[in-house]
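J.: Counted the way the numbering used here counts, the sequence shown spans residues 414 to 571.
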Amino acid sequence: MIKYPMTVQGAKALEEEHAHLTKVVRPKLSQDIGTARELGDLKENAEYHAAREQQGMVEARIRDIEGRIQNQVIIDVTSIPHTGKVIFGTTVEIANVETDESVTYHIVGEDEADFKLAKISVGSPLARALIGKEEGDVVAVKTPSGVIEYEIVEVRHI
414 MIKYPMTVQG AKALEEEHAH LTKVVRPKLS QDIGTARELG DLKENAEYHA
464 AREQQGMVEA RIRDIEGRIQ NQVIIDVTSI PHTGKVIFGT TVEIANVETD
514 ESVTYHIVGE DEADFKLAKI SVGSPLARAL IGKEEGDVVA VKTPSGVIEY
564 EIVEVRHI
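#1: Tell me where the alpha helix (DSSP H) around Ile-487 begins and ends.
#2: Let me make sure I understand the geometry here. Which of Pro-440, Ile-533 and Asn-458 has the alpha-carbon closest to that of Val-521?
#3: Quick check: what's the CA-CA separation for Arg-439 versus Thr-448?
#4: Lys-555: which of Val-566, Gly-549, Ala-540 and Glu-547 sits nearest, CA to CA?
#5: Taking only the alpha-carbon atoms, compute the straight-line gap between Asp-550 and Tyr-518 and give it to the nearest angstrom.
#6: Who are the near neighbours of Lys-416 in its chain, counting only those whose CB is closer than 7 Å to its CB and skipping five residues on each side?
#7: Taking the DSSP output, what are the residues bridged to Glu-547?
#8: Answer yes or no: do Ala-508 and Val-566 have a C-beta to C-beta separation smaller than 8 Å?
#9: With DSSP as the reference, identify every bridge partner of Val-552, one or two as the case may be.
#10: Mapping DSSP to helix, strand and coil, what is Lys-532?
#11: To the nearest angstrom, how far is it from the Cα of Ile-478 to the Cα of Leu-434?
#12: Give every residue of the same chain whose Cβ lies closer than 8 Å to the Cβ of Leu-452, excluding the five residues on either side of it in the sequence, and list them in chain order.
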């Protein structure tokens with residue numbers, strides 16, 4: 414059985430998505446299907462087929478979320494003593510050793526990852542390279558353009 418690590422915020426967001434899909438989207442789709450059925454011949458009824466397809470996708474997402482919720486492992490990093498080590502849920506500021514350019518990432522679960530919001534998945538190559546290291550350590554990360562070295566500037570529990 415696969416376990417899904419999540420931050421407290423990530424688990425809450427997944428619960429909210431599940432509630433929205435089951436309490437808002439699912440009933441609306443049922444209503445849309447009923448309305449489309451009333452339009453007549455189902456063989457050539459594009460609205461009906463579109464609503465049924467959408468319903469299938471929503472039901473699949475609901476099942477996926479339910480499986481993840483059932484197998485989630487919520488990790489509250491704020492309850493773990495701060496040691497300066499990079500662990501799941503921490504926010505890490507790293508600096509490129511060559512260019513001295515710094516960037517900050519929050520290491521989160523797979524469902525929470527959003528690169529635009531500086532949230533990287535614990536399974537990403539960068540996060541895997543950082544996990545277990547401490548402030549001041551230099552890590553080498555393999556990228557498509559070659560190996561890049563980063564120094565861990567700061568580790569925060571947020």
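Glycine is no exception: its CB is placed at the ideal position from the N, C-alpha and C atoms.
The structure presented is a predicted model; accordingly, all values stated were derived computationally and were not measured.
T.: Per the coordinate set shown:
#1: That residue, Ile-487, is in no alpha helix (DSSP H); its beta strand (DSSP E) goes 485–487.
#2: Of the candidates Pro-440, Ile-533 and Asn-458, Ile-533 places its Cα closest to the Cα of Val-521.
#3: In a straight line, the C-alpha of Arg-439 is about 14 Å away from that of Thr-448.
#4: Looking at the Cα atoms, Ala-540 is the closest of the given residues.
#5: A direct Cα-to-Cα measurement between Asp-550 and Tyr-518 gives close to 16 Å.
#6: The answer, listed in chain order, is Asn-484 and Val-486.
#7: Answer is Lys-498.
#8: A contact, by the Cβ cut-off of 8 Å.
#9: Note: Val-552 sits in a beta bridge opposite Tyr-563.
#10: In this structure, Lys-532 counts as strand in the three-state DSSP scheme.
#11: Taking C-alpha positions only, Ile-478 is separated from Leu-434 by approximately 10 Å.
#12: The residues Asn-458, Glu-460 and Tyr-461, in chain order, have a CB closer than 8 Å to that of Leu-452 in the same chain once the five nearest residues on each side in sequence are set aside.
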